[in-house]
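Undergrad: Submitted below is the structure of interest, expressed as structure tokens.
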Amino acid sequence: MGFAAYPLFAHTSSKFVFKEGERIPAKGYAAFSKEWNFKPFSFTRHPLGENDILIQIQYTGICHSDLHAVKGDHAMPNYPMVPGHEIVGEVVAVGKKVSKFKIGDYAGVGCMVNSCGECEACKQSKEQYCMNAKTIFTYNSKDVFHNNEITYGGYSNNIVLSEKFAIKIPKNAEIEKVAPLLCAGITTYSPIKFSRVKKGDKVAVAGVGGLGHMALQYMVALGAEVTCFDILPSKKEACLKLGAKEFIDVKSEEFKNIANRFDFIISTIPYYYDLNDYHKMLKFGGEMAIVGLPASKESPHFDTNRFIWQFQNKKIYTSLIGGIKETQEMLDYSVQNKIYPKIELISIQELNEAYQKIAKGEADFRFVIDMKSLD
Ligand code: NDP
Ligand code: ZN
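With numbering that gives the first Met the number 0 applied, the sequence shown covers 0 to 374.
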């Protein structure tokens, strides 16, 4: 490869220049405390390995997990932290052994960038559940494959990773809407498939934000009858437009009285809630997937006695994103069927304000950062 220098695309004036084997300069926005406090931040990424690709990031979605991570809701935050695991961009450099991508292709990156590749979970392409605990998450994660450095995510101009963990994005995709599919899309697609949701099923989405409105669209596409539950009644109109049969405010009397109605429920709720409310709504033999990740100190709990005596033969399980193979399947399916998130494009300078809005419940489904604004 020798000396790699390349002018980048029309939308940016910047150039990445780096030598083979050297670290790659990058810039982005980092959080410096749990109050987020995003500011410009320059850093470097590990050198391009022979199986790696370098992506110039064009768009990055803001997931509620990013807020949890910055606040340290589940794990110890490392500051400065560059979040972002809903990433899409153009491949601008490839290592010698790369075969899946060529320069100029679109590529996506979700929540993970590496794993052991040898355990049973990795062999089944469920890399998010790596049994050797070597799933390397896209940011705030110790990268055991690169000298234990802490990973930096997609609120930045580039990312380098093994081609195995990058998703191919078809050229006909609506590129500015693709980024949220890499987390919100796969996290809902995977359990919907796992529970075999089908035409005519009565199903529900609890919490209709970034993840929830993707779950709604996937289940409508499958021909299921979808009920939406959210804390914000103003979401009703948008949910009905996306194909929901009904919208129910979780603060209403109606909500409390629902029982034995659904074949499947997916909960994306990011704060404390009463799990028993939803469990009782499942039909005999119904299933509930929990993907929402409230802060550890706000975690919902089971009333086990009630479960055993009153609500038999129902399943509740949790689900974490999806493996690389399934993420590619979800991406191809979504683009082919034009299932995209509803997005609001923002500049990277608006990050602090966007976080404020998400925390206050004022976000409209998904913010996506237009990385042109970083120039
Ligand atoms: P959003 O903030 O976009 O959406 C959450 C939605 O739930 C909002 O509409 C929110 O309303 C609503 N809500 C809040 N409280 C309640 C309640 N008590 N009952 C019903 N609805 C409620 O978040 P995301 O969709 O980005 O993420 C959702 C959760 O999923 C987060 O905890 C995130 O960390 C997690 N996640 C999990 C993954 C996994 O692999 N398991 C992967 C990605 C994310 P309002 O806007 O008014 O607050
Ligand atoms: Zn996410």
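We treat Cβ as the ideally placed atom computed from N, Cα and C, and that holds for glycine.
Quick caveat, the model's predicted, so the values are computed rather than measured.
Consult DSSP for D369 and reduce its assignment to one of helix, strand or coil.
TA: Here D369 sits in strand by DSSP.
Undergrad: Looking at G71 and ligand 1, is the gap between the Cβ and the nearest heavy atom below 8 Å?
TA: No; taking the cut-off as 8 Å, the Cβ of G71 has no heavy atom of ligand 1 nearer than that.
Undergrad: Suppose you measure from the CA of A258 to the CA of S318; what does that come to, to the nearest Å?
TA: The straight-line gap from Cα to Cα measures roughly 24 Å.
Undergrad: The alpha helix (DSSP H) with R238 in it runs from where to where?
TA: Looking at the sequence shown, residue 238 is not Arg but Cys. That run of the alpha helix (DSSP H) goes K235 to K240.
Undergrad: A362 to E19, Cα distance in whole Å?
TA: Near 42 Å, if we compare the C-alpha coordinates of E19 and A362.
Undergrad: May I ask whether a heavy atom of ligand 2 can be found less than 8 Å away from the beta carbon of D51?
TA: Not under cutoff, so the answer is no.
Undergrad: With 16 other CB atoms within 10 Å as the buried threshold, where does D51 fall?
TA: Per the 10 Å Cβ criterion, buried.
Undergrad: Can K167 and A106 be called in contact, C-beta distance under 9 Å?
TA: It is a contact, given that the beta carbons lie within the stated cut-off.
Undergrad: Counting pairs of Cβ atoms below 8 Å between the stretch 66–75 and the stretch 287–302, do you hit three or more?
TA: These segments touch.
Undergrad: For A3 and S161, what's the separation of their Cα atoms in angstroms?
TA: Below a pLDDT of 50, predicted positions are generally treated as unreliable, and A3, at 42, falls in that range; no measurement from the model is reported.
Undergrad: Just curious, the beta strand (DSSP E) that K201 is in, first and last residue?
TA: Run containing K201: K201 to A205, per the beta strand (DSSP E) assignment.
Undergrad: So A223 and V196 are in contact, right, with Cβ under 8 Å, and what is the actual spacing, rounded?
TA: Yes, they are in contact, since the Cβ atoms of A223 and V196 sit about 5 Å apart, within 8 Å.
Undergrad: Taking only three categories from DSSP, how would you classify L285?
TA: It is worth fixing the name first, because residue 285 is Gly in this sequence and not Leu. It is a strand residue.
Undergrad: From L330 to I191, what does the alpha carbon distance come to, in whole angstroms?
TA: Approximately 15 Å, taken between the alpha carbons.
Undergrad: So if DSSP puts Y58 in a beta bridge, which residue, or which two residues, is it bridged to?
TA: Answer is V87 and D369.
Undergrad: Suppose the cutoff is 7 Å on Cβ atoms and the five residues either side in sequence are ignored; what does the same chain contact list for D302 look like?
TA: Correct list, in chain order: N275.
Undergrad: Can you name, in chain order, every residue of its own chain whose Cβ lies under 8 Å from the Cβ of G360, other than the five neighbours on each side?
TA: So the list reads I230 and L231, once near-sequence residues are dropped.
Undergrad: Which word fits F17, buried or exposed, when buried means at least 16 other C-beta atoms lie within 10 angstroms of its C-beta?
TA: Its Cβ being crowded by 16 or more others within 10 Å, F17 is buried.
Undergrad: Is N131 closer than 9 Å to G88 when the C-beta atoms are compared?
TA: No, Cβ-Cβ distance for G88 and N131 is not below 9 Å.
Undergrad: Tell me where the alpha helix (DSSP H) around A243 begins and ends.
TA: First-last for A243: undefined, no H or E at that position.
Undergrad: Whether or not the stretch 234–247 and the stretch 178–193 are in contact is what I'm after, with contact meaning three or more pairs of Cβ atoms, one per stretch, closer than 8 Å; do they touch?
TA: No, the stretch 178–193 does not touch the stretch 234–247.
Undergrad: Tell me the rounded alpha-carbon separation between G184 and D273.
TA: Near 25 Å, if we compare the C-alpha coordinates of D273 and G184.
Undergrad: Would you call the stretch 69–80 in contact with the stretch 100–119, where contact means no fewer than 3 C-beta pairs closer than 8 Å?
TA: No, the stretch 69–80 is not in contact with the stretch 100–119.
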